[in-house]
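In full-length UniProt numbering, the protein residues as written are 1 to 500. Just so it is clear, CB atoms sit at the ideal spot from N, CA and C, and this is done for glycine as well. All values reported here derive from a predicted model rather than from experimental measurement.
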């Protein structure tokens, strides 16, 4: 029988569908054909694989070789199929025991010398293979990333010969070694909140945003500390859960970014420039790749100088801010990426930046200020939970005021509030559904009357109504109370007054 089947994984967003690499040898003129909807890089594998087998001093069959990558309707791209194709050819030719291939999955690109090169998207492949109980063999360059999956049976190899020796029972491949990960960055790497002088209300808003995963907009004249505050947010964010860290690591893997094994459990903090395009922000391309919002999954997307972003770019954020995912459709395929991110933004009040400054330096006309603020649409602004106008801190206070609480102290309160949310609903307050809001944000008649007056006076939408309740729930969690009282609700309402 001249047929062998080797299992591997394709890449379709953060999903790694199973691919059966079927190799058949038949009579006829010698040659190799690859079918099953291969892209250009996969078609070129026949030349790489042939050279790798010959340079490894192994026998390449002088027969007609047909390689089928099933299912046939799933596009295959990249060099990840080189190793399974080579092993399938050797097994079909009798060079490897076919029974040794059972229970294994293989991913890796081959050099012409037979060495194994690392590929992108190994982590999703290892995750899916582990769920079905198969061992995965990967290039040594992917070892650290593959070892992030706890309980996975991952072996690493440097060459095609090493894999063949392992399958033939002549040698054992080394296991991928795990490295302990840290959930918080060292103090030397993250700016401390204690360095912020004054701005007590902004510090409070930052703590609430961190505890509940709420979107935050800071507005103020230049030099009020907007960017300084936002850059200190990573130091007070709660730690990632194991499954959240793996989801983020999988996105980084398919995006071709390294997963630092010492810090892969830290929350992401992405800071794109305002010249970023819509595709850079949400992802795309002919072969869809994740964008900034997906790379900020379970973390923070910080947009400085928010009105300077193209309005079309900002509008593409509206749907992901509600759904926590982004679906990218192209003629050949449709891919969905997770994008449950926290938006933090900063802006000036006018084009020159000094509207409302006591020094009277602003010379912008009311029409110019209105045009500047209109770059941020009402629907996008409605999705921002906390909005804060920041005033300039007097020089005397900057010089004489003692530093505020350090990030470590604030982080403890944030982590405690976050844990209460996980125990109650299994998610951050910012992502509660409307039904969950009604369940977890019960108000007394007096508090309902207070919220109704605020809705009428501020002209809040139904979305804003529920967002006020979510923020109030977070404030109560920070206070350690089970019920939302009037003080929690009043504080949440005041964060909706900006730009209303």
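- Relative to residue 218, the option among 212, 234, 211, 201 whose CA is nearest is 201.
- Taking 8 Å as the cut-off, the Cβ atoms of residue 124 and residue 253 count as close.
- Within the DSSP bridge table, the entry for residue 372 names no partner.
- Looking only at 223, 150, 171, 422, the smallest Cα-Cα distance to residue 211 is reached by 422.
- In the DSSP assignment, residue 326 falls within the beta strand (DSSP E) that extends over 325–329.
- The beta carbon of residue 237 sits closer than 6 Å to those of 210, 267, all from its chain and outside the five residues before and after it, given in chain order.
- Inclusion of residue 58 and residue 101 in the CB contact set at 8 Å is not warranted, their separation being larger than that value.
- Boundaries of the alpha helix (DSSP H) harbouring residue 226: 226–231, taken from the DSSP string.
- CA-CA distance, residue 463 to residue 433, rounds to 11 Å.
- At a Cβ-Cβ threshold of 8 Å, residue 137 and residue 117 do not count as neighbours.
- DSSP links residue 389 through a beta bridge to 219.
- Burial state of residue 445 is exposed, judged by a 10 Å Cβ sphere holding fewer than 16 other Cβ atoms.
- Residue 64: not part of any alpha helix (DSSP H); member of the beta strand (DSSP E) spanning 64–70, first to last residue.
- In the structure shown, residue 115 falls within a strand segment according to DSSP collapsed to helix, strand and coil.
- The C-beta distance from residue 436 to residue 193 rounds to 30 Å, too long to meet the 8 Å contact threshold.
- About 19 Å separates the beta carbon of residue 408 from that of residue 477, a gap too long to meet the 8 Å contact definition.
- Contact between residue 92 and residue 161 is absent: CB atoms are separated by about 18 Å, not below the 8 Å threshold.
- Rounded to whole angstroms, the separation of the alpha carbons of residue 496 and residue 376 is 15 Å.
- When rounded, the separation of the alpha-carbon atoms in residue 356 and residue 349 is 8 Å.
- Membership of residue 465 in the alpha helix (DSSP H) is indicated by the continuous run 462–479.
- Residue 438 is positioned such that its CB atom lies no closer than 8 Å to that of residue 484.
- The Cβ atoms of residue 19 and residue 76 lie closer than 8 Å to each other.
- Taking C-beta atoms as the reference points, residue 293 and residue 306 fail to come closer than 8 Å.
- By a beta-carbon distance limit of 8 Å, residue 8 contacts residue 21. Their separation comes to about 6 Å.
- The alpha-carbon separation between residue 371 and residue 262 amounts to approximately 46 Å.
- The shortest C-alpha to C-alpha distance from residue 411 to any of 234, 472, 480, 249 is the one to 234.
- By a beta-carbon distance limit of 8 Å, residue 214 contacts residue 471. Their separation comes to about 6 Å.
- Following the DSSP letters along the chain, one finds residue 34 inside the beta strand (DSSP E) bounded by residues 31–35.
- Taking every protein chain shown into account, the CB of residue 177 has fewer than 16 other CB atoms within 10 angstroms, so this residue is exposed.
- Non-local beta-carbon contacts of residue 88 in its own chain, meaning distances under 6 Å to residues more than five positions away in sequence, involve 4, 6, 21, 23 in chain order.
- Residue state for residue 407 is assigned as helix, using DSSP reduced to three classes.
- DSSP places residue 240 outside both helix and strand once states are collapsed to three, so it counts as coil.
- Around residue 46, the same chain offers 32, 34 as residues with beta carbons nearer than 7 Å, after the five sequence neighbours per side are excluded.
- Check the Cα spacing between residue 151 and each of 67, 311, 126: the tightest is with 126.
- Taking a C-beta distance under 8 Å as the contact criterion, residue 277 and residue 335 do not qualify as a contact pair.
- For residue 84, the uninterrupted alpha helix (DSSP H) run begins and ends at 82–92, by DSSP.
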